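K.L.:
Please read through the structure below; I'll follow up with questions.
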Amino acid sequence: MNRENIVIVGGGLAGATAAKTLRAEGFDGPVTLIADEAHAPYLRPPLSKEYLLGKDGEEALPVVPAGWYAEHDVDLRLGVPAAGVDATARTVDLADGARLGYTALLLATGARPRSIPLPGSDLDGVMTFRTLDDSRLLRESLASGGRNVVMVGSGWIGMELAAAASAYGNTVTLLGLEQVPLAAAIGPELGTFFRSLHESRGVGFRLPASAAEITGDAGRVSGVRTDTGEVLAADLVVIAVGVVPETTLAAAIGLELRNGILTDASLRTSAPGIFAAGDVANALHPFTGAHHRSEHWSNALNGGKVAARSMLGEEALLDTVPYFYTDQYDVSMEYSGFPTLVDGSPVLRGSLEAKQFLAFWQREGCVVAGMSVNWPRADKPQKAIKALIAARAAVSPDSLADPDVALEQLLPEA
Numbered sequence: 004m005n006r007e008n009i010v011i012v013g014g015g016l017a018g019a020t021a022a023k024t025l026r027a028e029g030f031d032g033p034v035t036l037i038a039d040e041a042h043a044p045y046l047r048p049p050l051s052k053e054y055l056l057g058k059d060g061e062e063a064l065p066v067v068p069a070g071w072y073a074e075h076d077v078d079l080r081l082g083v084p085a086a087g088v089d090a091t092a093r094t095v096d097l098a099d100g101a102r103l104g105y106t107a108l109l110l111a112t113g114a115r116p117r118s119i120p121l122p123g124s125d126l127d128g129v130m131t132f133r134t135l136d137d138s139r140l141l142r143e144s145l146a147s148g149g150r151n152v153v154m155v156g157s158g159w160i161g162m163e164l165a166a167a168a169s170a171y172g173n174t175v176t177l178l179g180l181e182q183v184p185l186a187a188a189i190g191p192e193l194g195t196f197f198r199s200l201h202e203s204r205g206v207g208f209r210l211p212a213s214a215a216e217i218t219g220d221a222g223r224v225s226g227v228r229t230d231t232g233e234v235l236a237a238d239l240v241v242i243a244v245g246v247v248p249e250t251t252l253a254a255a256i257g258l259e260l261r262n263g264i265l266t267d268a269s270l271r272t273s274a275p276g277i278f279a280a281g282d283v284a285n286a287l288h289p290f291t292g293a294h295h296r297s298e299h300w301s302n303a304l305n306g307g308k309v310a311a312r313s314m315l316g317e318e319a320l321l322d323t324v325p326y327f328y329t330d331q332y333d334v335s336m337e338y339s340g341f342p343t344l345v346d347g348s349p350v351l352r353g354s355l356e357a358k359q360f361l362a363f364w365q366r367e368g369c370v371v372a373g374m375s376v377n378w379p380r381a382d383k384p385q386k387a388i389k390a391l392i393a394a395r396a397a398v399s400p401d402s403l404a405d406p407d408v409a410l411e412q413l414l415p416e417a
C-alpha cells in the first residue's frame, strides 16, 4: 500500500478500532490517534455497570492492551486536544502547537454530557457522567453507602447509575420528564417493568418532574428543589440528561451537520478525505434509507471498522442492525433494531413477572426491533432477532408470542 498519512481525532472506541482495523487491513503508513483524555482509549459501557459496581477493575477497560500502539507503530497522543482543521491544506492543529498533515482524517470526537442551566450546579457534590474519571469519582462517592443520591434523568444511563447507587446501600431518588421512565425508548409497558424493578430495591421516582434548583450549604450540595416545589435531601446529585454530539471541529470546517456530522453509509462526510464515526456520526443506513445517530458501543465498534476500510478505498458500509444492552440489578437486557421504525406496543413472549421474556416490535407486520431480558444465551435470541429484522418478512404476532415456535422457524428460508 502507499504511504498515505491517516489522522484520527478522538480517543474512544471508534477511533481505537479504526486504528486497529487499519493495521489489520495491512496499512503500513503513519497513523496518529489524538485523544483529549489522558487515558488510552477505553470502553464506556462498564463505566456505568461492572466497573462502577466494583466487579471489574480498570484492566478490563482498554480497547487494546497498553503496548499495542507502540507495537503497531500508532502515534498515540494523549491529553492533547485537536484545536482546528484546515480541510483545504489537509492539516490538523493540536492544542500543544503541533501541526499534522493528513491524506485521510477520521473525526471520532464522540459526545459530551448535555448541560442544563440549574442554579447551584457548580456546588461540590454535583456531577455529570461520561468519562473514566467521572466513574472513578462516582464509585468513590457511592461505595460507603448511606448517602442521599438524586439522579436527574430517567434514561438508560440515569437508570443504570440509580441501580448502582442503590446496590451500594444509598437512598436514591430519580427525576425524569416522562410519565414512565424509558417510555420514549421502549414504551410505557416495559418502562413500567424497569420502574417496578427499581422500586422493589427502594429507588424513589418523581415523574414527571425536573430539577429547578440545587441547594447547598457552605459550598456543598444539600438538596434539590423540583419544579413542583418539593425539596429532596441530597448528598450527591448526578445530572444524566443525555449527551450532545461533539461537532465543534466539524462546524469550524464547514461540514454538513444534522444531529451530528452527516455521512453516507461509508461514513464519508461532505468534505473530501474526511470521515466520521461513533457517537458524532449521523450515518445513512442502507436498511432504512434514513440517517441514524447511535450512542451505543456497537455503533462505535462497527463504525470504526467501516471508517478505516473506507479511508483505505475499500467498499465498506455501516449496515449492521443497531444493538445495545443494559444490566440493572438481576436483569440483563439486550436490544437490537430501529427504534425510529417502531409502531405500537410490543409482542411479548415469556413473563414480565418472572423477569424472563422477549419483546418484539413490528411495523407493517415485519419485525423492526427486539429485546431479550434474562433469556437463555444458549438460545442466541439476539442473533435470531437480527435475522428477523434483516429478513423484512411479515411474521404473525401469535408466532412471535408462542414459546413453542423457535424464532429460527419464522425466517423465510426456514
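If you read the sequence shown in this note's numbering, its first letter stands for residue 4, the second for the next number, and so on. All residues carry an ideal CB built from backbone N, CA and C; glycine is no exception. None of the values given here were measured: they were computed from a predicted structure.
From which residue to which residue does the beta strand (DSSP E) around D96 run?
P.N.:
94-97
K.L.:
Please work out which residues of its chain come closer than 7 Å, Cβ to Cβ, to Q182, disregarding the five sequence neighbours upstream and downstream, and give them in chain order.
P.N.:
L210, P211
K.L.:
Rounded to a whole number of angstroms, what is the C-alpha to C-alpha distance between E40 and K58?
P.N.:
24 Å
K.L.:
Let me know the secondary structure DSSP gives N302 once reduced to three states.
P.N.:
N302: helix per DSSP, three-state reduction.
K.L.:
Do A111 and G347 have their beta-carbon atoms positioned less than 8 Å apart in this structure?
P.N.:
no
K.L.:
What does the Cβ neighbour count give for S169, buried or exposed, with the cut at 16 atoms within 10 Å?
P.N.:
buried
K.L.:
To test your reading of the DSSP string, which unbroken alpha helix (DSSP H) runs of 4 or more residues are found completely within the region 358-399?
P.N.:
384-394
K.L.:
Please check the pair V246 and E298, which I expect to be a contact at CB under 8 Å, by giving their CB distance rounded to whole angstroms.
P.N.:
Between V246 and E298 the beta-carbon gap is near 6 Å, inside 8 Å, which marks them as a contact.
K.L.:
Look at the alpha carbon of R150 and the alpha carbon of L164, and state the distance between them as a whole number of angstroms.
P.N.:
Whole-angstrom Cα-Cα distance: 14 Å.
K.L.:
Give the DSSP-derived three-state secondary structure of Y72 in the structure shown.
P.N.:
helix
K.L.:
How is the alpha helix (DSSP H) around R142 delimited, first residue to last?
P.N.:
135-145
K.L.:
Between which two residues does the alpha helix (DSSP H) carrying E201 extend?
P.N.:
The sequence shown places His at residue 201, not Glu. Taken as a continuous stretch (DSSP letters only), the alpha helix (DSSP H) holding H201 covers 186-202.
K.L.:
Please return the same chain residues whose Cβ sits closer than 7 Å to the Cβ of R204, not counting the five positions on each side in sequence.
P.N.:
S169, Y332
K.L.:
In the structure shown, what three-state DSSP assignment does P248 receive?
P.N.:
strand
K.L.:
R47 lies in the beta strand (DSSP E); which residues open and close that run?
P.N.:
Premise fails: R47 is in no beta strand (DSSP E) and is neither H nor E.
K.L.:
Tell me which residues share the same chain as V3 and place their Cβ nearer than 8 Å to its Cβ, disregarding the 5 neighbours each side in the sequence.
P.N.:
Nothing can be reported for residue 3: it is not among the residues displayed for the chain, which extend from 4 to 417.
K.L.:
So, helix, strand or coil for T20, using DSSP?
P.N.:
Three-state DSSP puts T20 in a helix.
K.L.:
Return the CA-CA distance between L361 and L320, expressed in angstroms with no decimal places.
P.N.:
29 Å
K.L.:
Can you give me the C-alpha to C-alpha distance between C369 and G340, rounded to a whole angstrom?
P.N.:
12 Å
K.L.:
How would you call A424, buried or exposed, if buried means at least 16 neighbouring beta carbons within 10 angstroms?
P.N.:
Nothing can be reported for residue 424, as the shown portion of the chain is limited to 4 through 417.
K.L.:
Helix, strand or coil for A221, going by three-state DSSP, please let me know.
P.N.:
coil
K.L.:
In this structure, does DSSP put I119 in helix, strand or coil?
P.N.:
coil
K.L.:
Identify whether M4 lies in helix, strand or coil by the three-state DSSP scheme.
P.N.:
Bear in mind that a pLDDT of 37 at M4, under 50, signals an unreliable position, so the number given afterwards is only what the model happens to contain. Reduced to three states, the DSSP call for M4 is coil.
K.L.:
Just confirm the distance between the C-beta atoms of F132 and V241, as a whole number of angstroms; I'd bet it's less than 8 Å.
P.N.:
6 Å
K.L.:
How should D405 be labelled, buried or exposed, when 16 other C-beta atoms within 10 angstroms of its C-beta is the threshold for buried?
P.N.:
exposed
K.L.:
If we cut at 8 Å on Cβ distances, does A167 have a partner in chain D?
P.N.:
Considering every chain present, this structure includes no chain D. It has just one protein chain.
K.L.:
Quick one: residues in its chain with C-beta nearer than 8 Å to the C-beta of R93, no 5 flanking neighbours on either side, listed in chain order?
P.N.:
G104, Y105, T106, L108, G276
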